[in-house]
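J.: Protein chains in written order, with my numbering: chain A, 1 to 332; chain B, 1 to 266; chain C, 1 to 277. Idealized CB from N, CA, C, for every residue including glycine. Please read these numbers as outputs of a predicted model, since none were measured by experiment. Shown below is the structure under consideration.
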Amino acid sequence: MIHVSSLSKIYRVHRRPPGVWAAVRSLVHRNYENVHALAEVSFHIEPGERVGFLGPNGAGKTTALKILSGLLYPTSGKVTVGGFVPHERRVEFLRTITLVMGQKQQLMWDLPPSETFAMNRALFDLPKREADAVQNELVELLQVGPLLGKPSRQLSLGERMKCELVAALLHRPKVLFLDEPTIGLDVSMQAQLRDFIRRHNEATGATILLTSHYMADVAALCPRVVVIDKGHLIYDGDLKTLARRIRPEKRITLHFASVPAPGSLDRLGNCVARSDSQATLSVPAAQVTDAVRAALEQLPIADISVEDPPLEEIMREFLGGERPDSGGKTPT
Amino acid sequence: MNQIFRRYARLFSVQLRTSFTLAVQYRFDFFIEGLLALLWLGITLVPLMVVFARRATVAGWSYPEALVVVGLFSVLKAVLDGAITPSLNHVVDGIRKGTLDFILLKPADAQFLVSTARFDPWRILDLFGSIAIVLYALRRLHHVPSVLEALSGCALFSVAILLIYSLWILVVSLSFRVVKVDNLSYLFMSIFDAGRWPIHVFKGALRVLFTVVFPLALMTTYPAQALLGHLSLAHALLAGAGGLLFAGCARWIWQRSLHAYTSASS
Amino acid sequence: MRRMWASRALSGVRRLLRAYPSLLRVGLADMLAYRAEFLVWILSMNMPLVMMALWTAVAADGPMGRFGQREFVAYYLGMLIVRILTGSWLVWELTMEIRRGTLAIRLLRPIHPLWAFSAMQLAAVPMRALVISPLVVVLYWVAGARLPMHDPERLAIVFASIAGAWLLLFLVMAIVGMLAAYIESALSVFDLWLGAQAILSGFLVPLELMPAWVARLARVLPFRYILGFPVETLIGLESKTVALRELGIQWLFVATALAMTLLLWRKALRRFAAFGG
Numbered sequence: 001m002i003h004v005s006s007l008s009k010i011y012r013v014h015r016r017p018p019g020v021w022a023a024v025r026s027l028v029h030r031n032y033e034n035v036h037a038l039a040e041v042s043f044h045i046e047p048g049e050r051v052g053f054l055g056p057n058g059a060g061k062t063t064a065l066k067i068l069s070g071l072l073y074p075t076s077g078k079v080t081v082g083g084f085v086p087h088e089r090r091v092e093f094l095r096t097i098t099l100v101m102g103q104k105q106q107l108m109w110d111l112p113p114s115e116t117f118a119m120n121r122a123l124f125d126l127p128k129r130e131a132d133a134v135q136n137e138l139v140e141l142l143q144v145g146p147l148l149g150k151p152s153r154q155l156s157l158g159e160r161m162k163c164e165l166v167a168a169l170l171h172r173p174k175v176l177f178l179d180e181p182t183i184g185l186d187v188s189m190q191a192q193l194r195d196f197i198r199r200h201n202e203a204t205g206a207t208i209l210l211t212s213h214y215m216a217d218v219a220a221l222c223p224r225v226v227v228i229d230k231g232h233l234i235y236d237g238d239l240k241t242l243a244r245r246i247r248p249e250k251r252i253t254l255h256f257a258s259v260p261a262p263g264s265l266d267r268l269g270n271c272v273a274r275s276d277s278q279a280t281l282s283v284p285a286a287q288v289t290d291a292v293r294a295a296l297e298q299l300p301i302a303d304i305s306v307e308d309p310p311l312e313e314i315m316r317e318f319l320g321g322e323r324p325d326s327g328g329k330t331p332t
Numbered sequence: 001m002n003q004i005f006r007r008y009a010r011l012f013s014v015q016l017r018t019s020f021t022l023a024v025q026y027r028f029d030f031f032i033e034g035l036l037a038l039l040w041l042g043i044t045l046v047p048l049m050v051v052f053a054r055r056a057t058v059a060g061w062s063y064p065e066a067l068v069v070v071g072l073f074s075v076l077k078a079v080l081d082g083a084i085t086p087s088l089n090h091v092v093d094g095i096r097k098g099t100l101d102f103i104l105l106k107p108a109d110a111q112f113l114v115s116t117a118r119f120d121p122w123r124i125l126d127l128f129g130s131i132a133i134v135l136y137a138l139r140r141l142h143h144v145p146s147v148l149e150a151l152s153g154c155a156l157f158s159v160a161i162l163l164i165y166s167l168w169i170l171v172v173s174l175s176f177r178v179v180k181v182d183n184l185s186y187l188f189m190s191i192f193d194a195g196r197w198p199i200h201v202f203k204g205a206l207r208v209l210f211t212v213v214f215p216l217a218l219m220t221t222y223p224a225q226a227l228l229g230h231l232s233l234a235h236a237l238l239a240g241a242g243g244l245l246f247a248g249c250a251r252w253i254w255q256r257s258l259h260a261y262t263s264a265s266s
Numbered sequence: 001m002r003r004m005w006a007s008r009a010l011s012g013v014r015r016l017l018r019a020y021p022s023l024l025r026v027g028l029a030d031m032l033a034y035r036a037e038f039l040v041w042i043l044s045m046n047m048p049l050v051m052m053a054l055w056t057a058v059a060a061d062g063p064m065g066r067f068g069q070r071e072f073v074a075y076y077l078g079m080l081i082v083r084i085l086t087g088s089w090l091v092w093e094l095t096m097e098i099r100r101g102t103l104a105i106r107l108l109r110p111i112h113p114l115w116a117f118s119a120m121q122l123a124a125v126p127m128r129a130l131v132i133s134p135l136v137v138v139l140y141w142v143a144g145a146r147l148p149m150h151d152p153e154r155l156a157i158v159f160a161s162i163a164g165a166w167l168l169l170f171l172v173m174a175i176v177g178m179l180a181a182y183i184e185s186a187l188s189v190f191d192l193w194l195g196a197q198a199i200l201s202g203f204l205v206p207l208e209l210m211p212a213w214v215a216r217l218a219r220v221l222p223f224r225y226i227l228g229f230p231v232e233t234l235i236g237l238e239s240k241t242v243a244l245r246e247l248g249i250q251w252l253f254v255a256t257a258l259a260m261t262l263l264l265w266r267k268a269l270r271r272f273a274a275f276g277g
């Protein structure tokens with residue numbers, strides 16, 4: 001569905017040092033710098049896949065999405081989406097895709113969402129009966145019925161996001177580009193949106209590309225992740241595999257019935273957090289069973305749980321350190 | 001071809017409906033602005049009245065003839081303020097906020113969408129006021145334009161609207177690169193204001209400036225002259241051709257600017 | 001009790017004197033950062049030049065009253081100079097801050113917000129002076145004999161009238177801008193003011209050339225003292241005694257405007273603080 005090979009995007013930026021004299025000088029002579037937003041990125045996405053784009057701010061994720069949706073021209077490389085070249089912005093291409101940005105909205109600010117829906121219906125030339133059916137279905141799934149008559153500016157962030165999704169999906173696009181759709185939303189709203197996106201993908205087979213800072217989004221929705229850092233694609237594959245590669249250990253959280261003897265914990269493994277009532281150990285995956293057995297034997301345990309290390313930590317380490325193919329990163 | 005026309009007609013009516021809904025919602029503000037526009041129309045007539053109270057002609061123009069120019073200028077201004085400026089301000093705002101992206105994602109011509117985004121229907125007030133001035137001036141002259149004069153006057157006036165629209169498109173194309181354009185629109189309007197007077201008031205370099213570079217002469221004086229029968233046919237055709245050429249250039253520059261557009265960072 | 005009030009007032013003045021220079025510096029830095037926009041803004045104040053073209057065309061066949069072609073050129077050059085020097089954009093800034101609610105932040109500071117606003121506008125004056133200096137040269141070349149170059153008293157009156165005009169406009173903008181706390185369309189009110197000012201200040205037509213009743217009305221209204229009066233003293237259209245008397249009237253208007261501003265602001269700020277941004 002989506003084929004990207006050797007995609008690069010280079011911006012020429014004029015950096016001006018502060019000060020009046022530099023400002024005057026910049027009128028005659030400008031220093032240009034090449035900023036590589038994307039450098040030789042290649043990947044392929046099959047129809048119906050759900051893929052997450054991860055990476056720190058400024059890594060190039062949003063640039064990639066904008067190139068895929070035709071808003072930006074690539075500097076070099078080949079990009080096709082659904083057989084179309086995005087930046088040609090053909091009508092059929094634009095009908096196939098949709099872009100939802102968490103930090104911007106297409107809903108008209110002073111008017112109710114229903115007006116934006118009507119506008120989109122006209123823009124995409126949707127026959128009335130079909131469009132009404134799709135709209136009603138989406139409105140019901142997202143439960144935004146009572147909101148349709150209120151001006152967008154009066155809606156809360158979560159309500160607006162849901163209406164954004166309705167507006168974006170009216171024309172039944174086959175490819176969804178979602179740029180940080182859950183940003184700023186409360187936990188329950190995030191879960192609602194995630195549910196909706198997953199079900200939409202399962203029901204319609206639409207291909208979904210999602211960028212997000214919330215690992216929970218990516219973990220819940222995307223079996224496959226593409227990690228981009230400073231414009232380079234540094235990982236493309238399964239999230240769990242990546243996690244296990246970076247941090248091949250598990251977290252064992254022990255809840256104590258009574259305060260344990262000092263020093264008794266350190267024998268079991270690396271202790272990453274500790275208080276009087278609980279402690280968290282970081283233990284290599286292979287040794288988990290032994291560690292659990294030892295803990296149960298030696299310590300006054302009230303409750304015990306075994307988890308993967310938090311994804312945020314894994315990503316932080318992954319992105320802060322070396323790439324896995326350059327020798328692997330050993331956990332400290 | 002017919003289908004494309006029907007599609008864009010449907011789009012246009014949807015856009016109009018949006019503007020009307022907004023105009024009804026903010027009717028108080030818009031109404032006040034409409035009244036103020038009428039007031040300003042009256043105010044700008046004051047110098048004209050003072051001048052012509054003591055003089056019969058200025059730079060070869062009599063009072064009613066100058067009134068035709070002022071009237072046509074005000075009609076143009078009403079069209080500008082009602083149909084062109086609101087849309088393009090909306091776009092510049094969208095460029096700044098980054099919401100222009102959504103317009104580019106829609107399967108319709110971006111320039112069309114951008115140009116029909118907003119209308120100010122209350123400007124119909126000063127549109128009628130201005131037309132009244134033109135009609136009054138023509139009556140005072142006891143001059144009823146012949147068919148040819150009326151046609152060439154209207155044609156030139158349409159070219160004027162096209163010209164001012166193209167100028168605005170150029171300003172918006174500029175704002176793709178230089179995002180802070182608010183003050184540029186002020187500059188634009190202040191230069192445009194000079195079109196209130198017959199071009200012959202300006203001498204030398206200024207007249208050249210206002211005929212070729214910022215074609216004010218074309219916008220108000222020429223249509224007035226056509227209506228009054230003072231404009232030769234050759235002159236009129238030349239002006240018309242020049243205007244169309246200008247519009248074509250503006251469209252080309254718009255396309256190029258869109259191509260080079262980099263949207264605001266997320 | 002009175003001593004406590006006096007010492008509090010004194011410390012307030014001291015705080016202001018310490019803070020004001022840095023406020024000015026901030027305003028200047030802001031001005032430099034936005035110099036392109038500022039320049040464009042100044043360039044768009046070219047209406048006097050258009051009027052100059054119109055009126056010189058009119059005077060081509062002979063003078064109107066006291067105004068021949070040279071006089072019109074001098075008048076409108078002077079008008080342009082005064083307009084640029086005394087202009088400010090307080091009303092737009094104020095209405096924007098009130099609408100966005102950021103005015104509340106200024107209320108947290110220990111000095112009256114108007115001081116900060118005035119510093120911002122004052123910091124622009126050097127830039128404005130720079131822009132008008134070529135105009136002053138041209139004015140001297142056109143009407144050198146009329147300018148009060150060698151008369152220190154007249155020069156003092158000119159400077160005082162320009163300062164008074166700046167203050168008067170600033171205070172009027174402060175009043176109208178603050179109306180945004182009460183009504184939606186404060187800017188429309190300002191538009192009305194500008195409309196009246198266009199006619200009654202000598203901006204579109206020198207007041208002498210207007211019907212007598214208009215000129216008489218203009219003398220008792222504040223509009224003239226923002227534009228027409230400084231221009232007339234600059235190009236020597238009036239005798240010194242008349243100019244002095246009108247200077248007094250101008251500063252009377254300034255004092256009245258100041259009183260109205262302070263009163264309105266005190267009420268409005270209280271309301272603003274009560275209802276939030």
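Taking beta-carbon pairs under 7 Å, can you tell me which members of the region 40-62 of chain B lie near chain C?
T.: Here the close residues are Trp40, Ile43, Val46, Pro47, Val50, Val51, Arg54, Arg55, Val58 and Ala59.
J.: Can you tell which of A:Arg95, A:Thr98, A:Gln106 and A:Phe93 has its C-alpha closest to the C-alpha of Gly98 of chain B?
T.: Among A:Arg95, A:Thr98, A:Gln106 and A:Phe93, the Cα nearest to that of Gly98 of chain B is on A:Gln106.
J.: Any Cβ of chain C within less than 8 Å of the Cβ of Trp197 of chain B?
T.: Cβ-Cβ to chain C under 8 Å: yes for Trp197 of chain B.
J.: With a cut-off of 8 Å, does the C-beta of Glu115 of chain A fall near any C-beta of chain B?
T.: Closer than 8 Å to some Cβ of chain B, the Cβ of Glu115 of chain A qualifies, so yes.
J.: Is Trp141 of chain C buried or exposed, if buried means 16 or more other CB atoms sit within 10 Å of its CB?
T.: Exposed, since its Cβ has fewer than 16 Cβ neighbours within 10 Å.
J.: Could you pull the start and end residues of the beta strand (DSSP E) that Pro320 of chain A belongs to?
T.: It is Gly, not Pro, that sits at residue 320 of chain A in the sequence shown. Careful: Gly320 of chain A lies outside any beta strand (DSSP E), inside the alpha helix (DSSP H) at Leu311 to Gly320.
J.: For a cutoff of 8 Å on Cβ pairs, would you count Val14 of chain B as touching chain A?
T.: It does; some Cβ of chain A falls within 8 Å.
J.: Report the option in A:Leu170, A:Ser69 and A:Lys150 whose CA atom is closest to the CA atom of Phe124 of chain A.
T.: Answer by Cα proximity: A:Leu170.
J.: Rounded to the nearest angstrom, what separates Glu312 of chain A and Met215 of chain A at their Cα positions?
T.: Answer to the nearest angstrom: the Cα atoms are 6 Å apart.
J.: Looking at C-alpha atoms only, which residue of A:Glu46, A:Trp109, A:Gly60 and A:Leu65 is the closest neighbour of Gly82 of chain A?
T.: Here the closest residue by C-alpha is A:Glu46.
J.: Would you say Leu155 of chain A and Leu178 of chain A are within 8 Å of each other, going by their C-beta atoms?
T.: For Leu155 of chain A and Leu178 of chain A, no; Cβs fall outside 8 Å.
J.: Closer than 7 Å to a non-hydrogen atom of the ligand MG - does that hold for the CB of Gly248 of chain C?
T.: This structure lacks the ligand MG, and indeed carries no ligand of any kind.
J.: Short check: CB of Ala64 of chain A to CB of Leu38 of chain A, under 8 Å?
T.: Contact flag set, yes.
J.: Going by the CB atoms, is the gap between Glu180 of chain A and Gly102 of chain A shorter than 8 Å?
T.: Taking 8 Å as the Cβ cut-off, Gly102 of chain A and Glu180 of chain A qualify as a contacting pair.
J.: Pro86 of chain A: buried (16+ other C-beta within 10 angstroms of its C-beta) or exposed?
T.: When all chains shown are included, Pro86 of chain A counts as buried.
J.: For Arg207 of chain B, which residues of its own chain have a beta-carbon under 7 Å away from its beta-carbon, when the five flanking residues on both sides are left out?
T.: Cβ within range, chain order: Ile199.
J.: Who are the Cβ neighbours of Asp126 of chain B in its own chain at under 7 Å, not counting the five residues just before and after it?
T.: Counting only Cβ-Cβ distances below 7 Å, and skipping sequence neighbours, we find Gly34, Ala37, Leu38, Leu41, Ser74 and Ala78.
J.: With a threshold of 8 Å between beta-carbons, can Val91 of chain C be considered close to chain B, or not?
T.: For Val91 of chain C, the answer is no, since every Cβ of chain B falls outside 8 Å of its Cβ.
J.: Kindly give me the distance between the Cβ atoms of Thr220 of chain B and Gly195 of chain B, rounded to whole angstroms, as I take these residues to be in contact under 8 Å.
T.: The Cβ separation is near 5 Å, so the contact holds.
J.: Is there a C-beta anywhere in chain B that falls below 8 Å from the one on Glu37 of chain C?
T.: So yes, Glu37 of chain C belongs to the interface.
J.: Assuming contact is defined by CB atoms lying nearer than 8 Å, are Ile111 of chain C and Leu16 of chain C in contact in what I supplied?
T.: Against a cut-off of 8 Å, the Cβ pair of Leu16 of chain C and Ile111 of chain C comes out as a contact.
J.: Please name the residue, chosen from A:Val283, A:Arg172, A:Glu297 and A:Ala279, that lies closest to Glu92 of chain A on a Cα-to-Cα basis.
T.: Looking at the Cα atoms, A:Arg172 is the closest of the given residues.
J.: Out of A:Asp236, A:Leu221 and A:Cys222, which has the shortest C-alpha to C-alpha gap to Ile228 of chain A?
T.: For Ile228 of chain A, the nearest C-alpha among the options comes from A:Asp236.
J.: Can you tell which of A:Leu185, A:Asp217, A:Glu49 and A:Val283 has the C-alpha that lies nearest to the C-alpha of Ser305 of chain A?
T.: For Ser305 of chain A, the nearest C-alpha among the options comes from A:Val283.
J.: From the DSSP secondary-structure annotation, give me the bridge partner or partners of Ile97 of chain A.
T.: Paired residues: A:Val175.
J.: Measure the alpha-carbon distance for Phe253 of chain C versus Leu171 of chain C and round it to whole angstroms.
T.: Going by the C-alpha atoms only, they are around 10 Å apart.
J.: Is Ser76 of chain A helix, strand or coil by DSSP?
T.: Correct three-state label for Ser76 of chain A: strand.
J.: If you pair each beta-carbon of the region 113-132 of chain C with each one of the region 80-92 of chain C, do three or more pairs fall below 8 Å?
T.: With the cut-off at 8 Å, the region 113-132 of chain C and the region 80-92 of chain C touch.
J.: Run through the DSSP bridge pairs and tell me what Asp238 of chain A is partnered with.
T.: Its beta-bridge partners are A:Arg224.
J.: Would you say Ser190 of chain B reaches chain C, if we count a Cβ-Cβ gap shorter than 8 Å as a contact?
T.: Taking Cβ atoms only, chain C reaches closer than 8 Å to Ser190 of chain B, which makes this a yes.
J.: Can you tell me whether Phe12 of chain B is buried or exposed, with buried defined as 16 or more other CB within 10 angstroms of its CB?
T.: Phe12 of chain B is exposed by the Cβ-count criterion.
J.: When the Cα atoms are used, what is the spatial distance from Glu202 of chain A to Lys174 of chain A?
T.: Distance between the alpha carbons of Glu202 of chain A and Lys174 of chain A is about 12 Å.
J.: Quick check: what's the CA-CA separation for Gly55 of chain A versus Leu32 of chain C?
T.: Each residue's alpha carbon lies about 37 Å from the other.
J.: Who are the neighbours of Leu43 of chain C on chain B, taking C-beta pairs under 7 Å?
T.: Leu187, listed in chain order.
J.: For Thr18 of chain B, return the contacting residues in chain A, with the cut-off set at a CB-CB distance below 8 Å.
T.: Near Thr18 of chain B (Cβ distances below 8 Å), the residues of chain A are Met108, Leu111, Glu115 and Met119.
J.: Output, in chain order, the set of chain C residues within a Cβ distance shorter than 9 Å of Glu65 of chain B.
T.: Under the 9 Å cutoff, chain C gives no residues; its nearest Cβ is about 14 Å from Glu65 of chain B.
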